[in-house]
Amino acid sequence: MRRRPADFRRPVRRRFSHWIWALFGLFTIVGLVLFVVHHNQSEDRIEQPVLERNSRLEQDAHDRLNFTEEISSATSFSRQLAEQITLAKAYVVIAKDHSNLHLAWELSSKIRSSQLLLSKAVMRGEPITLEEAEPIIKSLSSLIFKAQDAHYDISTTIMTMKSHIQALEERANAATVQSTVFGQLAAEALPKSLHCLNVKLIADWMKYPSFQEMADEKKNSQRVVDNNLYHFCIFSDNLLATSVVVNSTVSNADHPKQLVFHIVTNGINYGSMQTWFLSNDFKGSTIEVQKIEDFSWLNASYAPILKQMLDPNTRAYYFGGLQDLAVDPKQRNPKYLLLLNHLRFYIPEIYPQLEKVVFLDDDVVVQKDLTPLFSLDMHGNVNGAVETCLEAFHRYYKYLNFSNSIISSKFDPQACGWAFGMNVFDLIAWRKANVTARYHYWQEQNADGLLWKPGTLPPGLLTFYGLTEPLDRRWHVLGLGYDLNIDNRLIESAAVIHFNGNMKPWLKLAITRYKPLWKRYINESHPYFQDCITS
Numbered sequence: 001m002r003r004r005p006a007d008f009r010r011p012v013r014r015r016f017s018h019w020i021w022a023l024f025g026l027f028t029i030v031g032l033v034l035f036v037v038h039h040n041q042s043e044d045r046i047e048q049p050v051l052e053r054n055s056r057l058e059q060d061a062h063d064r065l066n067f068t069e070e071i072s073s074a075t076s077f078s079r080q081l082a083e084q085i086t087l088a089k090a091y092v093v094i095a096k097d098h099s100n101l102h103l104a105w106e107l108s109s110k111i112r113s114s115q116l117l118l119s120k121a122v123m124r125g126e127p128i129t130l131e132e133a134e135p136i137i138k139s140l141s142s143l144i145f146k147a148q149d150a151h152y153d154i155s156t157t158i159m160t161m162k163s164h165i166q167a168l169e170e171r172a173n174a175a176t177v178q179s180t181v182f183g184q185l186a187a188e189a190l191p192k193s194l195h196c197l198n199v200k201l202i203a204d205w206m207k208y209p210s211f212q213e214m215a216d217e218k219k220n221s222q223r224v225v226d227n228n229l230y231h232f233c234i235f236s237d238n239l240l241a242t243s244v245v246v247n248s249t250v251s252n253a254d255h256p257k258q259l260v261f262h263i264v265t266n267g268i269n270y271g272s273m274q275t276w277f278l279s280n281d282f283k284g285s286t287i288e289v290q291k292i293e294d295f296s297w298l299n300a301s302y303a304p305i306l307k308q309m310l311d312p313n314t315r316a317y318y319f320g321g322l323q324d325l326a327v328d329p330k331q332r333n334p335k336y337l338l339l340l341n342h343l344r345f346y347i348p349e350i351y352p353q354l355e356k357v358v359f360l361d362d363d364v365v366v367q368k369d370l371t372p373l374f375s376l377d378m379h380g381n382v383n384g385a386v387e388t389c390l391e392a393f394h395r396y397y398k399y400l401n402f403s404n405s406i407i408s409s410k411f412d413p414q415a416c417g418w419a420f421g422m423n424v425f426d427l428i429a430w431r432k433a434n435v436t437a438r439y440h441y442w443q444e445q446n447a448d449g450l451l452w453k454p455g456t457l458p459p460g461l462l463t464f465y466g467l468t469e470p471l472d473r474r475w476h477v478l479g480l481g482y483d484l485n486i487d488n489r490l491i492e493s494a495a496v497i498h499f500n501g502n503m504k505p506w507l508k509l510a511i512t513r514y515k516p517l518w519k520r521y522i523n524e525s526h527p528y529f530q531d532c533i534t535s
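FYI, the numbering for the sequence shown is 1 to 535, going by the UniProt record's numbering.
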């Protein structure tokens, strides 16, 4: 059986509801002890002379009530009521557990009366008077003694509240898992308008043979192997996202006709991709579209990741219906089995005649000319990337299992992480260092899924260790798919902005502030796009 991926050094995530219920249980227990010990003092407080208390109330009546101070005051009726409410709520739970529904109903009724009185005090801005508090406090005290007579003692209370807190924790954990799963489903779902666009383009691909003839001609173009041009590769099954990457790149290029885009998609989206890029002009740039099914060399006997993907236990782990609450749902995301995501480790094999390429994820937007990347001195390194260790948690120990000697003996846990999404690859240096073989080695070592968290970045950190050239941070700014507070100046200065995270710009759950940065590169005047939006 496949063991689940390592989940090491994962910080404990405290949920708001978790703290509320934990504190409720704590206050209940403490409050119950205080009530039993100090009940006689409370009775004496109620019996103190009316004139003395009323004189204090008259003195403060003209001042606006500070409810925080009032509820914190040891001599206030508001605090007495709040303590009584806490105790009463605890006994409601205990009474229900013991099937004493009448007592539970009586306590609940008095709780509502007490809460109403507190609300009125806040609204009018005046403290609760003795005349208002006395009947409720006495009746609640009577009911609490009634509960005690029913043998709901402190030990019973502690055990009952402990079991309820544990049950609530389990429910909170289950709700957290469920919300994460739903969030992932929302992030992965293709909007109807984009599905509509794909369908229309596929229909044209099948209907008009001229598109297929044009695609065959493109395959024989010398421009796709000309190393004097600037080559970009994108691996995606998202038509509109890929179009935005291409359009934003050519729109900000000084010489767009010198740009060549190499797109690889799957067989399902191949026709729509071809039709879209053949029927739209992207400022004279060259666009090559391939489908991954044509890479016959990429098979299970060559690529360890493919062998793992075909393993029944692996597929059951990612696609099985049973959910283990101990496993972070993000680690079960089937996108980690998407071969398109792993093509970045096979770029020299896909493009054997190219010498240097810029790799772009499909959730980026290009804002400046990227051609200067091709003249950067890589100092013999293979991968040019922006480092992310300015954020303390983006170091190797965050992604890799350093409790395993295979990792700890070869890597520095404090080594700086870097980002996939906009990378410069020197393919000559890649072939010389045999980087793909390094990738295969680490995939084979991780057959049990215990060396790193799922995804392509952890094996990338291992594969390109010691072979990565740090780039200026302005080349690649991340976080637009989850971070609401990125500095506008940083975004404006960025050559590439990356919508990494679940809040992709083509989804309804996109961050509104950033969405226009992506949307402006969509050709909304295209008739198919108009038809799909209006329908």
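For every residue, glycine included, the Cβ atom is placed at its ideal position computed from N, Cα and C.
(request) Tell me Ala471's beta-bridge partners as DSSP assigns them. (result) The question names Ala, but residue 471 is Leu in the sequence shown. According to DSSP, which records beta bridges pairwise, Leu471 is partnered with Val386.
(request) Check whether the segment 355-368 touches the segment 236-249, taking contact to mean three or more Cβ pairs, one atom from each stretch, closer than 8 Å. (result) Counting Cβ pairs under 8 Å, three or more are found: they touch.
(request) Identify whether Asp204 lies in helix, strand or coil by the three-state DSSP scheme. (result) Shown here, Asp204 sits in a helix according to DSSP, grouped into three states.
(request) With hydrogens ignored, establish whether the beta-carbon of Val424 is closer than 6 Å to any heavy atom of the ligand GTP. (result) In the structure on display, the ligand GTP does not appear, and there are no ligands present to speak of.
(request) Could you pull out every residue in the same chain whose Cβ sits closer than 7 Å to the Cβ of Ile234, ignoring the five residues on either side in sequence? (result) By the criterion of a C-beta distance shorter than 7 Å, Ile234 is surrounded in its chain by Thr242, Val245, Phe261, Ile263, Leu360, Asp362, once the five residues flanking it on both sides are discounted.
(message) By the three-class DSSP mapping on this structure, what secondary structure does His231 have?
(response) His231 carries a strand assignment under DSSP once its states are collapsed to helix, strand and coil.
(request) In the DSSP assignment, find the alpha helix (DSSP H) that holds Val122 and state where it starts and stops. (result) Secondary structure note for Val122: its alpha helix (DSSP H) is the uninterrupted segment 101-124.
(request) State buried or exposed for Val37, treating a residue as buried only when at least 16 other CB atoms are found within 10 Å of its CB. (result) Here Val37 scores only 41 on pLDDT, less than 50, and its place in the model should not be relied on; the value that follows carries that caveat. It counts as exposed.
(request) Label Ser141 either buried or exposed according to how many other C-beta atoms from any shown protein chain fall within 10 Å of its C-beta, with 16 as the threshold for buried. (result) Around the beta carbon of Ser141, a 10 Å sphere encloses 16 or more other beta carbons of the protein chains shown; the residue is thus reported as buried.
(request) Flag this pair as touching only if the segment 250-259 and the segment 284-294 have three or more C-beta atom pairs under 8 Å; answer yes or no. (result) Yes, they touch.
(message) Output needed for Gln274: all residues of its chain with C-beta closer than 7 Å, excluding positions within five of it in sequence on either side, in chain order.
(response) Result list for Gln274: Trp205, Phe211, Ala215, Val289, in chain order.
(message) Do Trp430 and Ala385 count as a contact pair if the criterion is CB distance below 7 Å?
(response) It is not a contact, given that the beta carbons lie outside the stated cut-off.
(request) Taking all protein chains shown into account, decide if Ile85 is buried (16 or more other Cβ within 10 angstroms of its Cβ) or exposed. (result) When all chains shown are included, Ile85 counts as buried.
(message) Buried or exposed, going by whether 16 or more other CB atoms sit within 10 Å of the CB of Trp105?
(response) Answer is exposed; the Cβ neighbour count stays below 16.
(request) Following the continuous beta strand (DSSP E) through Asn488, name the residue where it begins and the one where it ends. (result) It is not in any beta strand (DSSP E) - Asn488 instead sits in the alpha helix (DSSP H) that spans 488-493.
(message) In this structure, how does DSSP classify residue 536 when only helix, strand and coil are distinguished?
(response) Beyond the ends of the chain as shown, which are 1 and 535, falls residue 536; an answer cannot be given.
(request) Measure the C-alpha to C-alpha separation of Asn383 and Phe464 and round it to an integer number of angstroms. (result) Cα to Cα, the separation comes out at about 7 Å.
(request) Locate the beta strand (DSSP E) running through Phe425, then write down its first and last residues. (result) DSSP places Phe425 inside the beta strand (DSSP E), whose first and last residues are 422-426.
(request) Inspect the CB distances between the segment 343-356 and the segment 411-428 and report whether three or more fall short of 8 Å. (result) With three or more CB-CB distances shorter than 8 Å, the segment 343-356 counts as touching the segment 411-428.
(request) Decide if Ser272 is buried, meaning its Cβ has at least 16 other Cβ atoms within 10 Å, or exposed. (result) Per the 10 Å Cβ criterion, buried.
(request) Return the CA-CA distance between Leu376 and Glu170, expressed in angstroms with no decimal places. (result) Each residue's alpha carbon lies about 53 Å from the other.
(message) When you compare the CB positions of Ser119 and Leu81, do they come within less than 7 Å of one another, or not?
(response) No, Cβ-Cβ distance for Ser119 and Leu81 is not below 7 Å.
(message) Once DSSP output is grouped into helix, strand and coil, what is the label at Lys291?
(response) Residue state, collapsed to three classes: strand.
(request) Could you check the C-alpha separation between Arg520 and Phe529 for me, to the nearest Å? (result) Roughly 14 Å between the two C-alpha positions.
(message) Let me confirm a value: Tyr302 is counted as buried when at least 16 other C-beta atoms fall within 10 Å, else exposed. Which label applies?
(response) The residue is exposed, with fewer than 16 neighbouring Cβ atoms inside 10 Å.
(request) Could you check what DSSP says for Ile497 in three-state terms: helix, strand or coil? (result) Collapsing the DSSP output to three states places Ile497 in a strand.
(message) What does the alpha-carbon distance come out to for the pair Leu480 and Ile497?
(response) Leu480 and Ile497: Cα-Cα distance of roughly 7 Å.
(message) In this structure, how does DSSP classify Thr286 when only helix, strand and coil are distinguished?
(response) Reduced to three states, the DSSP call for Thr286 is strand.
(request) Return the first residue and the last residue of the alpha helix (DSSP H) that His342 is part of. (result) If you look at His342, you'll find it in the alpha helix (DSSP H) that goes 339-342.
(request) Measure from the C-beta of Ser525 to each C-beta in chain C and report whether the shortest distance is under 7 Å. (result) Annotation note: the requested chain C is absent from the structure, which comprises a single protein chain.
(message) Among the candidates Phe420, Leu370, Gly380, whose CA atom is the shortest distance from the CA of residue 543?
(response) Residue 543 is absent from the structure shown; the chain starts at 1 and stops at 535.
(message) For a test of the three-state rule: what should DSSP assign to Lys356, helix, strand or coil?
(response) Lys356 falls in the strand class under three-state DSSP.
(message) Using a Cβ-Cβ cutoff of less than 7 Å, which residues in the same chain neighbour Phe277 once the five nearest sequence positions on both sides are dropped?
(response) Excluding sequence neighbours, Phe277 sits near Ile287, Val289.
(message) I'd like to know whether the C-beta atoms of Met503 and Ile491 end up nearer to each other than 7 Å.
(response) No, these two residues do not count as a Cβ contact at 7 Å.
(message) Along the chain, where does the alpha helix (DSSP H) containing Phe145 start, and where does it finish?
(response) Start and end: 130-149.
(request) Assuming Lys110 contacts Ser139 (C-beta within less than 8 Å), just tell me the rounded distance between them. (result) Contact flag correct, Cβ pair sits at about 6 Å.
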